[in-house]
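Asks: If you're matching positions, the sequence shown starts at 21 in this note's numbering and goes up one per residue. Sharing a structure here in structure tokens format.
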Amino acid sequence: MSGSQQETIATYRRFAAFYDGYVGRFHDDFGFYEAFCPPGEPVVEIGCGTGRILDLLLRLGCPTTGLDISPEMLRLARERFPPALRTGRLELSDHNYSNGPLGKKFSRAIASFYTLNYIHEGLPDFLAGVRTDLVPDGAFLADLFVPVALTRPGFDGAWVDKAVQFNGQTVPFRDRRLIDGSFEIREQVYLVDDREIRIETRRRFHTPAEMQSTLEEAGFGEILFAPRYDYPHLGPSSDMPDLDTNYVVVAWNRDPS
Ligand SMILES: C[S@@+](CC[C@H](N)C(=O)[O-])C[C@H]1O[C@@H](n2cnc3c(N)ncnc32)[C@H](O)[C@@H]1O
21 MSGSQQETIA TYRRFAAFYD GYVGRFHDDF GFYEAFCPPG EPVVEIGCGT GRILDLLLRL
81 GCPTTGLDIS PEMLRLARER FPPALRTGRL ELSDHNYSNG PLGKKFSRAI ASFYTLNYIH
141 EGLPDFLAGV RTDLVPDGAF LADLFVPVAL TRPGFDGAWV DKAVQFNGQT VPFRDRRLID
201 GSFEIREQVY LVDDREIRIE TRRRFHTPAE MQSTLEEAGF GEILFAPRYD YPHLGPSSDM
261 PDLDTNYVVV AWNRDPS
């Protein structure tokens, strides 16, 4: 396993406890995934975390597989879905596409909420593994971020005070973002019972044009982009602004048109 993936595991060892308080109620992306996933068809979510999107996929009646490399995030997902795990509607696994395909077939693969930004090296091989697990005409979707420190003046390096719900309490934390070449470093300091918990997250960002060529290298055919979660406006990377807004990319396992 690469050093950056060990770093991600170390980040989520601490972050897992706060994760649902931090983004558990974020639903802006649900409509996009509903439009993307044919109900009842098998789906894999790469970087499923605590199961925010798995819950939606199960409600769509999709046989669902959730993958993650963080034991703590997988443990929380396991605690959340006992009936679906018992009946086999949901499978959870510690699989990393950096090590090759999983060996199952899916109609759709999703890397939601910036999971792909955690893959710092070897992304074409990672994505080629995902493509191998897709049926012909299947599709992959990734949600990618553009750092706020690039798009909003004043955010680079400035501490911002925030709060999160944790174990029924409101926990204050400080958050700042730094840019280091093609990486964003997010530093957070949570204050729990007078104890400081520091969490650093390092994510690599990509322009839509870079993602286009990475997906082509991985063998994907038709590749379309949408700003934020705007499914009706899927279009070519040439229509997308450079590093202006978070975006979603959908790539089809078919010959280039
Ligand atoms: C921001 S969380 C997203 C969780 C969930 N998809 C959601 O939308 O709430 C990113 C997740 O990706 C996982 N992750 C990072 N690198 C990964 C990899 N190479 N393979 C599988 N999961 C990975 C992390 O452990 C973390 O749980």
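All C-beta atoms, glycine included, are put in the ideal place defined by N, C-alpha and C.
So, with DSSP's three-state summary, where would you put Ala129?
Replies: Note: Ala129 maps to strand in three-state DSSP.
Asks: Rounded to the nearest angstrom, what separates Ala148 and Gln189 at their Cα positions?
Replies: Taking the straight line from one Cα to the other gives about 43 Å.
Asks: Is Met231 near ligand 1, in the sense that its beta carbon is under 8 Å from a heavy atom of that ligand?
Replies: Not under cutoff, so the answer is no.
Asks: Cα-Cα, which of Ala178, Tyr210, Phe186 is closest to Asp40?
Replies: It is Phe186.
Asks: Would you mind sorting Val269 into buried or exposed? The rule is 16 or more other CB atoms within 10 Å of its CB.
Replies: Buried.
Asks: Run the CB neighbour count on Gln208, radius 10 Å, all protein chains shown included, and call it buried at 16 or more, exposed below.
Replies: When all chains shown are included, Gln208 counts as buried.
Asks: Just checking my contact of Ala169 with Asp163 at CB under 8 Å: how many whole Å lie between their CB atoms?
Replies: About 19 Å; that fails the 8 Å criterion.
Asks: Could you tell me which uninterrupted beta strand (DSSP E) segments, each at least 3 residues in length, are contained entirely in the region 81-150, listed from first to last along the chain?
Replies: Counting whole runs of 3 or more residues, the region 81-150 contains the beta strand (DSSP E) stretches 84-87, 110-113, 126-131.
Asks: For the region 92-104 against the region 121-140, do three or more pairs of beta-carbon atoms, one drawn from each stretch, fall closer than 8 Å, so that the two count as touching?
Replies: With the cut-off at 8 Å, the region 92-104 and the region 121-140 do not touch.
Asks: Beta carbon of Arg128, beta carbon of Pro62: below 9 Å?
Replies: Yes, these two residues count as a Cβ contact at 9 Å.
Asks: Please classify Trp179: is it buried, with 16 or more other beta-carbons within 10 angstroms of its beta-carbon, or exposed?
Replies: Exposed.
Asks: For ligand 1, I want to know if Leu143 counts as a neighbour, meaning its beta carbon is within less than 8 Å of at least one of the ligand's heavy atoms.
Replies: Every heavy atom of ligand 1 is 8 Å or more from the Cβ of Leu143, so no.
Asks: By how many angstroms is the C-alpha of Asp195 removed from the C-alpha of Asp182?
Replies: According to the sequence provided, residue 182 is Lys. The question's Asp does not apply to it. Using only the alpha carbons, I get a separation of about 7 Å.
Asks: For Phe225, is the classification buried or exposed, using 16 other Cβ atoms within 10 angstroms of its Cβ as the cut-off for buried?
Replies: Flag for Phe225 reads buried.
Asks: Under 8 Å: does the beta carbon of Tyr134 sit that close to some heavy atom of ligand 1?
Replies: Yes, since a heavy atom of ligand 1 falls inside the 8 Å radius drawn around the Cβ of Tyr134.
Asks: Classify Pro247 as helix, strand or coil using the three-state DSSP reduction.
Replies: If DSSP states are grouped into helix, strand and coil, Pro247 belongs with the strands.
Asks: Report the rounded CA-to-CA distance for Gly123 versus Leu211, giving the unit in angstroms.
Replies: Straight-line Cα distance between these residues: approximately 43 Å.
Asks: Let me check understanding here. Comparing Cα to Cα, which of Ile219, Pro247, Ile205, Thr84 lies closest to Ile66?
Replies: The shortest Cα separation from Ile66 among Ile219, Pro247, Ile205, Thr84 belongs to Thr84.
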